[in-house]
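Residue numbers (the working numbering), protein chains in the order written: chain A, 1 to 278; chain B, 1001 to 1348.
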Amino acid sequence: MKMKWTSYPYILWMIIFIVVPLTLILLFSLTVGEEGGIGNLQFTLDNFKRFLDPKYIDVLWISISLALKSTAITLLLGYPMAMIIAGEKPSKRNLMILLFVIPMWMNFLLRTYAWLTLLGKNGFINYILTKLGFAPLNLIYNDRAVLLGMVYNFLPFMVLPIYSVLVKIDNSLIEAAEDLGANKLKVFSRVVFPLSIPGIITGITMVFMPAVSTFVISRLLGGGQYMLIGNLVEQQFLWVGDWHFGSAISIIMMIFILITMAITAKFDTEKEGGGGLW
Amino acid sequence: MKNIVKRILVLSLILVIGILATGCGEEKATINIYNWGDYIDPSVLKDFEKEFNVKVNYNTFATNEDMYISIKKGGTSYDVAFPSDYMIERMIDEDMLEKISKDNIPNLSNIDERFLNLEFDPENDYSVPYMWGTVGIVYNKKMVDDPVDSWNILWNEKYKGQILMLDSQRDSLAVALKKLGYSMNTRSLEELEEAKEELIKQKPLVYAYVGDEVKDLLVGEEAAMAVVWSGDAVAMIRENEDLAYAIPKEGTNLWFDNMVIPKNGNNKKLAEEFINFMQRPEIAARNTDYIGYSTANYKALDLLPEDIVNSEVAYPTDEEIGEREIFKDPKDFLKVYDDIWLEFKAQR
Chain A
1 MKMKWTSYPY ILWMIIFIVV PLTLILLFSL TVGEEGGIGN LQFTLDNFKR FLDPKYIDVL
61 WISISLALKS TAITLLLGYP MAMIIAGEKP SKRNLMILLF VIPMWMNFLL RTYAWLTLLG
121 KNGFINYILT KLGFAPLNLI YNDRAVLLGM VYNFLPFMVL PIYSVLVKID NSLIEAAEDL
181 GANKLKVFSR VVFPLSIPGI ITGITMVFMP AVSTFVISRL LGGGQYMLIG NLVEQQFLWV
241 GDWHFGSAIS IIMMIFILIT MAITAKFDTE KEGGGGLW
Chain B
1001 MKNIVKRILV LSLILVIGIL ATGCGEEKAT INIYNWGDYI DPSVLKDFEK EFNVKVNYNT
1061 FATNEDMYIS IKKGGTSYDV AFPSDYMIER MIDEDMLEKI SKDNIPNLSN IDERFLNLEF
1121 DPENDYSVPY MWGTVGIVYN KKMVDDPVDS WNILWNEKYK GQILMLDSQR DSLAVALKKL
1181 GYSMNTRSLE ELEEAKEELI KQKPLVYAYV GDEVKDLLVG EEAAMAVVWS GDAVAMIREN
1241 EDLAYAIPKE GTNLWFDNMV IPKNGNNKKL AEEFINFMQR PEIAARNTDY IGYSTANYKA
1301 LDLLPEDIVN SEVAYPTDEE IGEREIFKDP KDFLKVYDDI WLEFKAQR
């Protein structure tokens, strides 16, 4: 197919901002050597070998398990939510979606900071608890706080694609199933759920990707005690200055994301279905 | 119709590329300044802009390491930066700093001699002192009833979940090393390993490892004690009278933040003008009053309120400081420090 010339700006854009950076990261991950031009770089696999150290594998494992947990929780919370919204009348539906999206207009960092004042030792939640006569809880600077931050921040990415698929399901299909004698559960498990899989797949990838690579949430809500893979990359780039090792970690992270995408794509029977957000 | 769309597209593309390529074509000279977060009175920058008819481009960093990387590798050019002692030593070694022409900085004479000609920059050829201070423990008198005079209190089970540490490699390792009675500039792997174990042992007691947030957390009484730089302690005590600052007897880190001119800057003359401006007594006094840190400019002291000048926290005497060490650049040993810190951080 001949490309329209109007697509050239986008191709140029993709080359400058996607292809070139990715190539550079790959190049850095496969080399060592101090700065001073490309000529001084030596090819090696050391950066990847270094990652095999148990302490880094641990960090990777913790990040993946936290990301999986947050993806599972957002799915469990998000699916019913998407169904409820999709079942409403169009006017009410649009309002609900708007309400859902409004918080995302605020800066991501600000929203995460807000949790600090809610969860803190003398924060809002503990204030209410002590007023009610309960002992204050330790809510912040632990795994649960990080998980909460991920679920809170990424929930819309799960709800929106599922919603946009659910809302497009042809009502006559559901009516047909009911006419053929299926009860509500059966209609859901045989008709609605299979048809919504493309949305679920998109939702899972959209949540898992940022969750596995986040470093802000774990820093703010984890109190610097929880090193995730994103923090490791950040540290290599910003403080240690070992861009080669940092790039290698990024590549490894990308491979993991690609693997999850491949796994989820397998379940995606309808390739062209589209989740609405892609 | 289609033609119009085409033309608009082409035009906008040219416009975008044009903007990207030329930047803003302003006539005014600009000066790029790279400072610690929360480390200047912002109105001082406005005054400099007005007086010299220039535009100040101001950026901040959180740690020395962070600053070093962006100057070394970030492709950014800064005219003035504010690194600390050991980082200045490294930057001089790596030929990253411009020699300062002292003739252009007459206000150098306002600086207390105690802060000149220190080991990291023996002739002050490369740096002009800005602020200095110690590292100690700030604690809430209502929440801590043991005497605070030793780093050991940070390992006291009684204060589990109420202790804040600095999320900064050299500073946190220095605390552990000093607690063990070693030098904070140690070049022994065993001593560093021991310090790491000590920090890991402390981890369950620590509420969080923080940066600038430490001020909010202590003023809001979210924690009982924290390792801080003395200037932050001054600012915190100003806001919450129940807080106090102590320098542990095992020894503290005496530090100096100086102004330097990085080699990749493009306006040395203006940079020197700025450094000289910052050392005018009234400007130095304004900055000191605003941020709470201790100025190296002795003429500024006369312009400051008595309670600041007489504060033991901000201007301790030699005896009050007691045992002290200044950070040195670990040079070839740096990688060991980096690895030890990473191992500690990755530890659950």
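The C-beta atom is built at its ideal place from N, Cα and C for all residues, glycine as well.
Just so we're clear, the structure is a prediction, and the values are computed from it rather than from any experiment.
I'd like to know if B/Y1293 contacts chain A, where contact means its C-beta is closer than 7 Å to some C-beta of that chain.
No, its Cβ sits nowhere closer than 7 Å to a Cβ of chain A.
So A/L332 packs on A/T112, CB below 8 Å; how close in whole Å?
The structure shown does not extend to residue 332 of chain A, since chain A spans only 1 to 278, so no value can be given for it.
From the DSSP secondary-structure annotation, give me the bridge partner or partners of B/G1133.
Residue pairing from DSSP places B/G1133 in a beta bridge opposite B/W1255.
Among B/K1201, B/L1334 and B/D1242, nearest to B/K1142 - alpha-carbon criterion
Distances from the CA of B/K1142 to each of B/K1201, B/L1334 and B/D1242 were compared; the closest alpha carbon is that of B/D1242.
Rank A/L116, A/P161 and A/D53 by C-alpha distance to the C-alpha of A/G78 and give the top, closest one.
If we check each option's Cα against that of A/G78, A/P161 comes out closest.
Is it the case that the stretch 1241 to 1261 of chain B contacts the stretch 1085 to 1102 of chain B, given that we only count it when at least three CB pairs across the two stretches are under 8 Å?
With a cut-off of 8 Å, the stretch 1241 to 1261 of chain B and the stretch 1085 to 1102 of chain B count as touching, because enough Cβ pairs lie within range.
With distances taken between CB atoms, is the gap from B/I1329 to B/E1089 smaller than 7 Å?
The residue asked about is misnamed: residue 1329 of chain B is Asp in this sequence, not Ile. Taking 7 Å as the Cβ cut-off, B/D1329 and B/E1089 qualify as a contacting pair.
Contact defined as beta carbons within less than 8 Å: I believe A/P136 pairs with A/K121. What is the distance between those atoms, to the nearest angstrom?
Going by Cβ atoms, the distance from A/P136 to A/K121 rounds to 7 Å, so yes, they are a contact pair.
Tell me, please, whether the CB atom of B/A1208 is closer than 7 Å to any CB atom in chain A?
Residue-level contact check: B/A1208 touches chain A, since one or more beta carbons of chain A fall below 7 Å from its beta carbon.
Contact set for B/V1336: own chain, Cβ-Cβ below 7 Å, skip 5 residues either direction
Taken in chain order, the residues that qualify are L1189 and L1192.
Span of the alpha helix (DSSP H), counted from its first residue to its last, around A/Y127
Following the DSSP letters along the chain, one finds A/Y127 inside the alpha helix (DSSP H) bounded by residues F124 to K131.
Interface residues of the stretch 1160 to 1184 of chain B facing chain A [CB-CB below 7 Å]
Only G1161 and D1167 from the stretch 1160 to 1184 of chain B bring a Cβ to less than 7 Å from some Cβ of chain A.
Where does A/W61 land, buried or exposed, given buried means 16+ other C-beta within 10 angstroms?
Exposed, because fewer than 16 other Cβ atoms sit within 10 Å of the Cβ of A/W61.
With DSSP as the reference, identify every bridge partner of B/K1055, one or two as the case may be.
Answer is B/T1030.
Which of helix, strand or coil DSSP assigns to B/P1083
Here B/P1083 sits in coil by DSSP.
Report yes or no: do the stretch 1038 to 1056 of chain B and the stretch 1277 to 1290 of chain B share at least 3 C-beta pairs separated by less than 8 Å?
With the cut-off at 8 Å, the stretch 1038 to 1056 of chain B and the stretch 1277 to 1290 of chain B touch.
Short-range partners of chain B found in the stretch 216 to 229 of chain A, where Cβ spacing is below 7 Å:
Going along the stretch 216 to 229 of chain A in chain order, one finds G223, G224, Q225 and M227 with a Cβ nearer than 7 Å to chain B.
Consult DSSP for B/Y1139 and reduce its assignment to one of helix, strand or coil.
DSSP places B/Y1139 in strand when its eight states are reduced to three.
What residue range does the alpha helix (DSSP H) around A/L26 cover?
It spans V20 to S29 - the alpha helix (DSSP H) in which A/L26 sits, taken as one unbroken run.
Taking the straight line between their C-alpha atoms, what separation do you get for B/D1079 and B/A1296?
Straight-line Cα distance between these residues: approximately 21 Å.
Can you tell me the Cα-Cα spacing of A/G274 and A/T31, whole angstroms?
With a pLDDT of 46 at A/G274, under the threshold of 50, the predicted position of this residue should be treated as unreliable, though the coordinate-derived value follows. Their backbone Cα atoms lie some 39 Å apart in a straight line.
For B/K1215 and A/W5, the rounded distance between their alpha carbons:
Rounded to whole angstroms, A/W5 to B/K1215 spans 56 Å at the Cα level.
What does a CB cutoff of less than 6 Å around B/L1116 pick up in its chain, not counting 5 residues either side in sequence?
Closer than 6 Å at the Cβ level, and outside the excluded window around B/L1116, lie N1124.
Taking the beta carbon of B/G1037 as the centre, do at least 16 other beta carbons fall within 10 Å, making it buried, or is it exposed?
It counts as exposed.
Only counting the same chain, and skipping five residues up and downstream in sequence, which positions put a Cβ closer than 6 Å to that of A/V167?
These residues qualify, in order along the chain: A86.
So for B/T979, helix, strand or coil by DSSP?
Outside the modelled stretch of chain B, which goes from 1001 to 1348, sits residue 979 of chain B, for which no answer is possible.
Select from the stretch 116 to 148 of chain A all residues with a C-beta closer than 7 Å to any C-beta belonging to chain B, and list them in chain order.
Within the stretch 116 to 148 of chain A, the residues whose Cβ lies closer than 7 Å to some Cβ of chain B are G120, K121, N122, N138 and Y141, listed in chain order.
In this structure, how does DSSP classify B/K1328 when only helix, strand and coil are distinguished?
Under the three-state reduction of DSSP, B/K1328 is assigned to coil, being neither helix nor strand.
Is the CB of A/V240 under 7 Å away from at least one CB in chain B?
Judged by the 7 Å Cβ criterion, A/V240 is in contact with chain B.
Chain A partners of B/K1345, CB-CB under 7 Å?
Chain order gives the chain A residues near B/K1345 as M227, where near means a beta carbon separation below 7 Å.
Comparing the C-beta of A/W278 with each C-beta of chain B, is any distance below 7 Å?
Low per-residue confidence applies at A/W278: pLDDT is 39, beneath 50, and the placement is therefore not dependable, though the value from the model is reported in the following sentence. Not closer than 7 Å to any Cβ of chain B, the Cβ of A/W278 fails to qualify, so no.
Between which two residues does the alpha helix (DSSP H) carrying A/V192 extend?
Counting along the chain, no alpha helix (DSSP H) covers A/V192, and no H or E run does either.
Note down the Cα distance separating A/W278 from B/A1062, rounded to an integer number of angstroms.
Confidence is the limiting factor: at A/W278 the pLDDT is only 39, short of 50, which leaves the residue's position unreliable, though a coordinate-based value still follows. Computed Cα separation, rounded: 37 Å.
Taking A/V59 as the query, report the chain B residues whose CB atoms sit under 7 Å from its CB, ordered along the chain.
Scanning chain B for C-beta atoms nearer than 7 Å to the C-beta of A/V59 yields A1346, reported in chain order.
Assigned secondary structure, B/T1060 (DSSP; H/G/I helix, E/B strand, else coil):
B/T1060 falls in the strand class under three-state DSSP.
Chain B within 7 Å of A/K55, Cβ atoms only
At least one chain B Cβ lies under 7 Å of A/K55.
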